[in-house]
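Working notes, beginning with the structure itself.
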Amino acid sequence: MAKIYYNDDADLSIIQNRSVAVIGYGSQGHAHALNLRDSGVDVRIGLNEGSTSRAKAEAQGLRVLSIADAAKEADVIMILTPDQVQAQVFNESIKDNLEEGDAIFFAHGFNIRFGYIEAPEGVDVAMVAPKGPGHTVRREFEAGRGVPDLVAVEVDASGQALQLALSYAKGIGGTRAGVIETTFTEETESDLFGEQAVLCGGMSHLVQYGFEVLTEAGYQPEIAYFEVLHELKLIVDLMVEGGIAKQRWSISDTAEYGDYVSGPRVIDPSVKERMQDVLKDIQDGVFADRFMKDQASGGKEFAELRAKEEKHPIETTGRKLRSLFAWEQTDEDYTEGTAA
Ligand code: NAD
Ligand code: MG
Ligand code: MG
Ligand code: MG
Ligand code: MG
Ligand code: MG
Numbered sequence: 246m247a248k249i250y251y252n253d254d255a256d257l258s259i260i261q262n263r264s265v266a267v268i269g270y271g272s273q274g275h276a277h278a279l280n281l282r283d284s285g286v287d288v289r290i291g292l293n294e295g296s297t298s299r300a301k302a303e304a305q306g307l308r309v310l311s312i313a314d315a316a317k318e319a320d321v322i323m324i325l326t327p328d329q330v331q332a333q334v335f336n337e338s339i340k341d342n343l344e345e346g347d348a349i350f351f352a353h354g355f356n357i358r359f360g361y362i363e364a365p366e367g368v369d370v371a372m373v374a375p376k377g378p379g380h381t382v383r384r385e386f387e388a389g390r391g392v393p394d395l396v397a398v399e400v401d402a403s404g405q406a407l408q409l410a411l412s413y414a415k416g417i418g419g420t421r422a423g424v425i426e427t428t429f430t431e432e433t434e435s436d437l438f439g440e441q442a443v444l445c446g447g448m449s450h451l452v453q454y455g456f457e458v459l460t461e462a463g464y465q466p467e468i469a470y471f472e473v474l475h476e477l478k479l480i481v482d483l484m485v486e487g488g489i490a491k492q493r494w495s496i497s498d499t500a501e502y503g504d505y506v507s508g509p510r511v512i513d514p515s516v517k518e519r520m521q522d523v524l525k526d527i528q529d530g531v532f533a534d535r536f537m538k539d540q541a542s543g544g545k546e547f548a549e550l551r552a553k554e555e556k557h558p559i560e561t562t563g564r565k566l567r568s569l570f571a572w573e574q575t576d577e578d579y580t581e582g583t584a585a
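Count the sequence shown with the working numbering and you get residues 246 to 585, in order.
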């Protein structure tokens, strides 16, 4: 069983006695910075000169410096720019501002696991990775709760890196929910696999094929959209609440029987074999290399793939249907608190 740390296992004063730089102010960046600040931690933001996030961070009362100055001032540097620019940001603005005893932190192990970033001697390398989008990390913290985190230590130069990471996790609210210890390798490979094979890649393409099969057989696109996309959320909510078993308990017997007899016809053992191929490409660095090479030449393949996928007919149907819901929700006759 994985070891889980809670509030009592972490000492907030450790991170309160350090100075933290959060590099980047996007989804994760804003949540880490604001939660740490509200936990009494000395935090500054590092951003590029022209960054559009600068005004936002300043409006929220945070001090914004250049990335180099933030890294120089701080002794814990959390790197929260997009993964594909972290190595460049690190080499240009962070590396030369690190001293022995400093720590560099990540919320995903990609650049360390695949060797795009190499830390200088004497610097702790650790991870605090919330298992949720940044906006949820902030919202839960403000509500007095937290989003679970993963922590990992790649280099323990100080001998205190795990306690430092746990303290940081406490500062962003993670130990309120539970913090699981992992390694950079396990977090990176399982995260990439989960999003590619199941959560994002697997799910998106399953839904698209379901929509195509129904509409090509003459069913109305609006009906197909409800059956293969809209209802997904209800099913996923049940799975998260009580596993696949609760989801199967809640659906009709007809649906449950259909799951058992038709599910394995669609998702057969060949799917598992191809998932294993995907995992191998992740482990061997083949996926990382393809992603980073495309990014280095301007992200041409990425842009082409995005443009192609956006044209799938399910998107047109979905936009139309969702705008109907939005119209219902903004009904002028309805004022909150006055209904019924
Ligand atoms: P993001 O895309 O939301 O934000 C990145 C921020 O970095 C931008 O807002 C900007 O301030 C800055 N930035 C962008 N390009 C830059 C550049 N070229 N140079 C310098 N700064 C630049 O990023 P994110 O989704 O918060 O991801 C940050 C890290 O957190 C990644 O390692 C990611 O894997 C990890 N992570 C993200 C989530 C999530 O919910 N999005 C969840 C867990 C872990
Ligand atoms: Mg420093
Ligand atoms: Mg990921
Ligand atoms: Mg993930
Ligand atoms: Mg149905
Ligand atoms: Mg049932």
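Glycine is no exception: its CB is placed at the ideal position from the N, C-alpha and C atoms.
Every alpha helix (DSSP H) stretch that sits fully inside the stretch 337-405 and reaches 4 residues is listed by chain position as 355-358, 379-387.
Just measuring C-alpha positions, the residue of 252, 295, 299 sitting nearest residue 284 is 252.
Nearest to residue 348 by C-alpha distance, out of 304, 246, 404, 545, is 404.
Counting only unbroken stretches of 4 or more residues, the alpha helix (DSSP H) elements lying wholly within the stretch 497-543 are 498-511, 514-528, 531-541, in sequence order. At least one heavy atom of ligand 1 lies closer than 6 Å to the C-beta of residue 378. With contacts defined as CB atoms closer than 7 Å, residue 456 and residue 559 qualify as a contacting pair. Residue 264 has 287 as its beta-bridge partners, per DSSP. Rounded to the nearest whole angstrom, the CA to CA distance from residue 542 to residue 536 is 10 Å.
One thing to note: residue 400 has its Cβ no nearer than 7 Å to the Cβ of residue 410.
Not one heavy atom of ligand 3 sits closer than 6 Å to the Cβ of residue 432.
When C-alpha distances from residue 414 are compared across 518, 402, 277, the shortest belongs to 277.
Remark: C-beta atoms of residue 433 and residue 547 do not approach each other more closely than 7 Å. Exposure of residue 300 is indicated by the presence of fewer than 16 other C-beta atoms within 10 angstroms of its C-beta. Excluding five sequence positions before and after residue 412, the CB atoms of its chain that fall closer than 7 Å to its own CB belong to 255, 256, 257, 259, 260, given in chain order. Residue 424 is bridged by DSSP to 250, 394. Judged by beta-carbon spacing, residue 438 lies within the 7 Å limit of residue 524, meaning their Cβ atoms are closer than that value. Here the residues close to ligand 3, judged by CB distance below 7 Å to any of its heavy atoms, are 353, 436, 437, 440 in chain order. The shortest C-alpha to C-alpha distance from residue 452 to any of 342, 427, 469, 270 is the one to 469.
Taking 8 Å as the upper bound for CB-CB distance, residue 424 and residue 290 are not in contact here, some 24 Å apart. The C-beta distance from residue 296 to residue 316 rounds to 15 Å, too long to fall under 8 Å, and the pair is not in contact.
Residue 279 places its beta carbon less than 7 Å from that of residue 383. The continuous beta strand (DSSP E) containing residue 322 extends over residues 321-324.
Residue 310 has 291 as its beta-bridge partners, per DSSP. At least one heavy atom of ligand 1 falls within 6 Å of the beta-carbon of residue 326. Within 6 Å of the C-beta of residue 412 there is not a single heavy atom belonging to ligand 1. Boundaries of the alpha helix (DSSP H) around residue 446: 446-461. Taking the Cα positions, residue 352 is about 23 Å away from residue 544. Where residue 430 is concerned, the enclosing alpha helix (DSSP H) starts and stops at 429-438.
Around the beta carbon of residue 487, a 10 Å sphere encloses fewer than 16 other beta carbons of the protein chains shown; the residue is thus reported as exposed. The distance from the Cβ of residue 520 to that of residue 442 is about 5 Å, consistent with a contact at the 8 Å cut-off.
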